[in-house]
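There are 2 protein chains.
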Amino acid sequence: MKSQLSAKRQQIVDFILQFMGERGYPPTVRDIQSGCGISSTSVVDYHLKVLEKEGHIRRDPEVSRGIELPGRASALTEKVQVPIIGQIAAGEPIPVPGSDTWDVAAGADFLEVTAEITRGRQDIYALRVKGMSMVDALINDGDMVLMQYASTVDNGEMAAIWLKAEKEVTLKKVYLESDRVRLQPANSQMQPIYANPRNIEIQGRVIAVIRQLGKPA
Amino acid sequence: MKSQLSAKRQQIVDFILQFMGERGYPPTVRDIQSGCGISSTSVVDYHLKVLEKEGHIRRDPEVSRGIELPGRASALTEKVQVPIIGQIAAGEPIPVPGSDTWDVAAGADFLEVTAEITRGRQDIYALRVKGMSMVDALINDGDMVLMQYASTVDNGEMAAIWLKAEKEVTLKKVYLESDRVRLQPANSQMQPIYANPRNIEIQGRVIAVIRQLGKPA
DNA sequence: TCCGATAGAGAACAATTGTTCTATAACAAT
DNA sequence: ATTGTTATAGAACAATTGTTCTCTATCGGA
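The following block contains the structure:
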């Protein structure tokens, strides 16, 4: 069903993709014509018909700009701009999201993720992990931690916890036991620690961890 | 500049959003007319002009379906559908991406990520991590590993390595030393292992690791 | 060589679609 | 009452844009 594209048709698909990206809507036959240096609209139509037959595009007949790229544009699942509001390290409290944190005009750094990762949750922010103190949570130096503001969490959820006496942040799964709190590392081979409920302060729920390897582009 | 929308105009914006999601391209004035139960195209045009003045939409004059929703429209391109082609576990070779892997019609599972994460790289695929054997790479059971097909990697890059004699996959940073290969765990507190170059087979480059916490929606 | 499939060119046609013009009505402020 | 703004209607116009028809050219196989 899906064959290798000829140079011209590959060029057309690329052009449609680029056009959609720049303009937000698909090109007309004549847009493709001039964009790909084709002499006639009928030639464009000819290639589009072949592309549709091979399943590379989908067309709505008689509809202007009625071109879809299956898979790439079909689902408009949204992108979320997650503000990177600071870093997280063992020895310092994590930054608290302020009222202006989600202000797009704030000019902060943003991490773009799909709603599939945040699962539609609101008020997500990101922290960059500094140092190796989170290895027992299987989190490395440089990782991004996606957090959701929360002062309480359900049993078993991973949370950022401020240990008041130790003046330390840690990322652990929280289990409330009768009169103490069990803080369980993500790495289940490691031992949990137990804390007095009054000594801990939940600073947020961990939604996701994203680690990018290799040198930044 | 950005004011509260009247009921009718909110309905129009919602309709455009829904239409874009279903069809992959923006609606015409007449699509909006029938979709929102408006009696005249001029009324639609009137509302669209107001919406544009208020900055809620952007229009290209004289262009059919020339409507953009700022912020969401650009989301279309920079998303990548990464096919989840299998799982990775210590004792089994990782699946090899086939020629049909990137076939949209293949109906496989996809992980949607932004181009910011893949950094524009092509031929990315994803593997779900099975088991705890990758903890020394700070990778947990259930994590998603984004891979790029590669049979060689640069020094220091993280790769999926098949150890022929041991019949095991492992994720390690690869350093070629004079006559041996040093395989360094991501967790730098752990010791490297050394291998004969003829005993290893590089199966792919690790691009990113994504871990989602909490129960799936 | 002949033939069929593929690719391209040019022009005209017809449908789609954005725009504009004229009216009407409700409502608030002057 | 008058004026101005907002919202709605209907119709016609003009630009955009998809489709089709005819011709030509190349290339590989029967």
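These protein sequence lines are chains A and B, in that order.
Using the working numbering, the first residue of the first sequence is number 1, and each one after it goes up by one.
Using the working numbering, the first residue of the second sequence is number 218, and each one after it goes up by one.
Here a beta-carbon is modelled for each residue, glycine too, at the ideal position from N, C-alpha and C.
Query raised in the report: Rounded to a whole number of angstroms, what is the C-alpha to C-alpha distance between Lys2 of chain A and Arg336 of chain B?
Result: Any reading at Lys2 of chain A needs caution, since the residue's pLDDT is 48, under 50, leaving its predicted position unreliable; the model's value is listed next. If I take the Cα positions, the gap works out to 26 Å.
Query raised in the report: Going by DSSP, what residues sit across from Gln365 of chain B in a beta bridge?
Result: Answer is B:Ile341, B:Arg422, bridged to Gln365 of chain B.
Query - Residue span of the beta strand (DSSP E) that contains Thr387 of chain B, given as start and end - result: Counting along the chain, the beta strand (DSSP E) containing Thr387 of chain B begins and ends at 385-394.
Query raised in the report: Pairing CB atoms from the stretch 79-90 of chain A with CB atoms from the stretch 112-129 of chain A, are three or more of them under 8 Å?
Result: The stretch 79-90 of chain A makes contact with the stretch 112-129 of chain A: 3 or more CB pairs, one atom from each, lie closer than 8 Å.
**Report entry** Pair within 8 Å by beta-carbon distance, Ala354 of chain B and Leu380 of chain B
**Finding:** Ala354 of chain B places its beta carbon 8 Å or farther from that of Leu380 of chain B.
Query - Under 8 Å from the C-beta of Ala208 of chain A: neighbouring residues of chain B - result: Simply Ile427, Arg428, Gln429, Leu430.
Query raised in the report: Within the 8 Å Cβ cut-off, does Gln406 of chain B reach chain A?
Result: Cβ-Cβ to chain A under 8 Å: yes for Gln406 of chain B.
**Report entry** Other residues of its chain near Gly156 of chain A: CB distance less than 7 Å, five sequence neighbours each side excluded
**Finding:** Here Gly156 of chain A has Lys173, Tyr175 as same chain residues with Cβ atoms under 7 Å from its own Cβ, once five neighbours each way along the sequence are excluded.
Query raised in the report: Quick one: is Ile334 of chain B near chain A, going by C-beta distance under 8 Å?
Result: Residue contact with chain A for Ile334 of chain B: present (Cβ-Cβ distance below 8 Å to some residue of chain A).
Query raised in the report: What three-state label does DSSP hand Val153 of chain A in the structure shown?
Result: Of the three classes helix, strand and coil, the one that applies to Val153 of chain A here is coil, per DSSP.
Report task. Would you mind telling me which residues of chain A sit closer than 8 Å to Ala367 of chain B, beta carbon to beta carbon, in chain order? Result -> Ordered by position in chain A, no residue passes the 8 Å Cβ test against Ala367 of chain B, which lies about 11 Å from the chain.
Query raised in the report: Rounded to a whole number of angstroms, what is the C-alpha to C-alpha distance between Val267 of chain B and Thr28 of chain A?
Result: A straight-line Cα-Cα distance of about 26 Å links Val267 of chain B and Thr28 of chain A.
**Report entry** Assigned secondary structure, Pro197 of chain A (DSSP; H/G/I helix, E/B strand, else coil)
**Finding:** DSSP places Pro197 of chain A within a helical segment (H, G or I) once states are collapsed to three.
Requested in this report: Please report the residue range of the beta strand (DSSP E) in which Val181 of chain A lies.
Outcome: Start and end: 180-184.
Query raised in the report: What's the C-alpha gap between Thr152 of chain A and Gln18 of chain A?
Result: Going from the Cα of Thr152 of chain A to the Cα of Gln18 of chain A covers about 45 Å.
Query raised in the report: Can the beta-carbon of Arg59 of chain A be found less than 8 Å from the beta-carbon of Leu48 of chain A?
Result: Contact flag set, yes.
Query raised in the report: Using the beta-carbon count (16 or more within 10 Å), is Ala159 of chain A buried or exposed?
Result: Looking at its Cβ environment, which holds 16 or more other Cβ atoms inside 10 Å, Ala159 of chain A is buried.
Query raised in the report: Got a sec, what are the start and stop residues for the beta strand (DSSP E) Leu163 of chain A sits in?
Result: Taken as a continuous stretch (DSSP letters only), the beta strand (DSSP E) holding Leu163 of chain A covers 158-163.
Query raised in the report: Hey, out of A:Ile12, A:Leu146, A:Ala7, whose CA is closest to Thr41 of chain A's CA?
Result: Looking at the Cα atoms, A:Ile12 is the closest of the given residues.
Query raised in the report: List, in order along the chain, the chain B residues whose C-beta lies closer than 7 Å to that of Ser6 of chain A?
Result: None at all; the shortest Cβ gap to chain B is about 17 Å.
Query raised in the report: When the cut-off is 8 Å and only beta carbons count, does Val352 of chain B lie next to chain A?
Result: Chain A contact via Cβ: present.
Report task. Look up Arg59 of chain A in the DSSP assignment and give the residues it is bridged to. Result -> Arg59 of chain A is bridged by DSSP to A:Ile67.
Query raised in the report: If you count every other CB in all the chains shown that lies within 10 Å of the CB of Arg282 of chain B, and 16 or more means buried, which is it?
Result: When all chains shown are included, Arg282 of chain B counts as buried.
Requested in this report: Please list the partners that Ser281 of chain B has in chain A, where partner means a Cβ-to-Cβ separation under 8 Å.
Outcome: Here the neighbours are Thr28, Ser64, Arg65.
Query raised in the report: What three-state label does DSSP hand Ile38 of chain A in the structure shown?
Result: Here Ile38 of chain A sits in coil by DSSP.
Requested in this report: Counting only the same chain and skipping the five closest in sequence on each side, list residues whose C-beta sits under 7 Å from that of Leu111 of chain A.
Outcome: Its chain contains Val82, Ile84, Ala126, Met144 as the residues whose beta carbon lies nearer than 7 Å to that of Leu111 of chain A, once the 5 sequence neighbours on both sides are disregarded; these appear in chain order.
Query raised in the report: With distances taken from CA atoms, which of A:Gly131, A:Gly142, A:Ala186, A:Glu52 is nearest Leu69 of chain A?
Result: Selected option, being the one with the closest Cα: A:Glu52.
Query raised in the report: Alpha carbon to alpha carbon, what distance is there between Ile202 of chain A and Ala322 of chain B?
Result: Its pLDDT being 40, under 50, Ala322 of chain B is placed unreliably in this model, and the coordinates cannot settle the point.
Query raised in the report: Any Cβ of chain B within less than 8 Å of the Cβ of Thr114 of chain A?
Result: By this cut-off, Thr114 of chain A is an interface position.
Query raised in the report: What are the boundary residues of the alpha helix (DSSP H) that Leu234 of chain B is part of?
Result: Its alpha helix (DSSP H) spans residues 224-240.
**Report entry** Contacts of Ala306 of chain B in chain A (Cβ-Cβ under 8 Å)
**Finding:** Those do not exist, as Ala306 of chain B stays about 17 Å from chain A at its closest Cβ, beyond 8 Å.
Query - Inter-residue spacing [alpha-carbon to alpha-carbon] between Met244 of chain A and Met364 of chain B - result: Residue 244 of chain A lies beyond the residue range present for chain A, which begins at 1 and ends at 217; the question has no answer from this structure.
Query raised in the report: Can a CB atom of chain B be found closer than 8 Å to the CB of Gly86 of chain A?
Result: Judged by the 8 Å Cβ criterion, Gly86 of chain A is not in contact with chain B.
Query raised in the report: Going along chain B in order, which residues have a C-beta closer than 7 Å to the C-beta of Ala186 of chain A?
Result: In chain order, Asn357 make up the part of chain B whose C-beta sits under 7 Å from the C-beta of Ala186 of chain A.
Query raised in the report: Comparing the C-beta of Glu218 of chain A with each C-beta of chain B, is any distance below 8 Å?
Result: Here chain A covers residues 1 to 217 and nothing more, so residue 218 of chain A does not appear.
**Report entry** Short CB-CB distance (under 8 Å) between Glu285 of chain B and chain A
**Finding:** Yes, Glu285 of chain B lies at the interface with chain A (some Cβ there is under 8 Å from its Cβ).
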